[in-house]
Structure formats: C-alpha cells, structure tokens
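Going by the numbering used here, the first residue of the sequence shown is number 6, and it counts up by one from there.
Where is the CB? At the ideal position from N, CA and C, for every residue including glycine.
Since we're looking at a predicted model, the values are computed, not measured.
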Amino acid sequence: FFIAPTASIETQTILIKALFNNPNSQLRANQLVRARVFWNQRPGVLIPITAMTRVGGDTFVYVVETEKSPQGVSQQVARQKRVKLGEIKGNNYQVIEGLQPEDKVIISGLLNLSDGVAIVPES
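Right, dumping it as structure tokens:
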C-alpha cells in the first residue's frame with residue numbers, strides 16, 4: 006500500500022492507496038472512503054464530561070454497585086470512585102486510572118448523589 010508523505014494543504018487530507026480482499030464485491034475500483042486515523046492509542050475508559058465531579062482538587066465519578074441492605078435485600082447504590090483523567094476527546098474524558106471497562110458510570114443527577122445512597126437506574 007501507499008501513504009503520501011504530506012497532507013494536502015487545501016483539503017487537509019492524505020492520499021492512501023491500498024489493496025483489499027473483496028470476496029463479496031462490496032468495494033469498487035477507485036472508490037473513495039472517509040476514514041478516521043488514530044495516530045496513537047492509550048489505555049483507558051471514556052466517560053462523558055457530565056459524569057465527572059471535582060471535590061477538593063480530586064476528580065471523582067459515581068458508579069453503580071449492588072449491595073445487600075440490612076434486611077438482606079439486594080439493592081443498587083452509588084459509589085464515589087476517585088479517578089485520574091487523561092485527554093479530552095470531544096465531549097468525553099479519558100479515564101486512565103480508577104475505572105474498569107465493566108464499571109457502570111452514572112452520568113446524570115450527580116448533584117443529588119452521595120456515596121452509598123440507594124439508586125434506581127434508568128434503562
């Protein structure tokens with residue numbers, strides 16, 4: 006394949022030519038495509054900007070956890086987790102420490118939350 010060494014000043018594009026396997030004939034000769042190229046990737050989880058709070062210089066998010074109530078009933082509660090943020094990507098922050106991909110992050114109603122309060126998640 007071929008990648009042009011410089012971008013076009015007028016169109017801010019880069020010419021790339023490549024050969025693709027095309028067993029189902031979904032691509033046509035000289036077809037133009039729009040692609041987003043990631044020059045580097047960093048580990049982390051993306052969260053909406055609205056999901057983040059700051060307290061005393063620290064950054065937190067609320068996540069959903071399931072716990073047993075004193076009566077032995079399972080309930081979902083909000084847990085405050087300290088996180089370390091990376092870059093802003095659009096309307097999202099990259100979280101580089103403090104969250105796992107499977108964590109369920111609460112993205113609205115943060116002003117009404119405190120650590121350990123029972124919640125009813127919206128679908």
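- Around the beta carbon of G121, fewer than 16 other beta carbons lie within 10 angstroms, which makes this residue exposed.
- Here the C-alpha atom of R39 lies approximately 29 Å from the C-alpha atom of P106.
- One thing to note: Q99 has its Cβ within 8 Å of the Cβ of L51.
- Excluding its 5 nearest sequence neighbours in each direction, A12 has C-beta neighbours in its own chain below 7 Å: T18, I19, listed in chain order.
- Exposure of A9 is indicated by the presence of fewer than 16 other C-beta atoms within 10 angstroms of its C-beta.
- Closest in C-alpha terms to T71, from the list V125, G62, F65, V82, comes V82.
- CA-to-CA, the gap between T64 and V78 works out to about 31 Å.
- Here N97 is bridged, per DSSP, to P53, K94.
- Contact annotation: K86 and V68 have beta-carbon atoms nearer than 8 Å.
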